[in-house]
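Structure first, commentary second.
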Amino acid sequence: MASEDSPRKPTAAPPQPPRAVPDGYRQGLITAITVLLGFSLAFVRYWGFDAPGRWALRSLFSTGASVLAVVFQLIALYRALRIEDQAADEYRRTVRWFIASAILLLLGLLFAAIELSFIEPA
């Protein structure tokens, strides 16, 4: 029989269910991703077909960053549409993908603006 003075073994706490993202967060993220994706696709179309000037080696920087941003946005959209993204940890990773895509898109736009500044007016 165990005495009252003997130390007790600590009992393990029951596992906590993963924290869920509050209602509305995922829908807002999906909307933000699709809006930025629409802009990105429109910019890549413009930059590839309608922008003035000729393609040069420096065009690859802006085009590459913009296309990579679209790829990251598609990955973020795929992640946001999964059921697993309801968990807070997964949601945070999806937001990181989205933020990375936005940064890449800004870099692509910056490179494009720099490149357009080298074009002489007609």
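The sequence shown begins at 938 in our numbering and counts up one residue at a time. We put the CB at the ideal spot given by N, CA and C, even for glycine. Computed from a prediction, not measured in an experiment: that's the story for all the values here.
Following the DSSP letters along the chain, one finds Ala-950 in no alpha helix (DSSP H), marked with neither H nor E.
Around the Cβ of Ser-1054, a 10 Å sphere holds fewer than 16 other Cβ atoms; the residue is exposed. Under the three-state reduction of DSSP output, Ala-1006 falls in the helix class.
About 5 Å separates the beta carbons of Leu-1041 and Leu-1005, which is inside the 8 Å limit, making them a contact pair. From the listed residues Arg-945, Ile-1056, Gly-1045 and Thr-948, the smallest Cα separation to Leu-997 is found for Gly-1045.
Taking C-alpha positions only, Phe-1035 is separated from Leu-1018 by approximately 13 Å.
Taking C-beta separations shorter than 6 Å and ignoring five residues to either side along the sequence, the partners of Val-1007 in its chain run Ser-977, following chain order.
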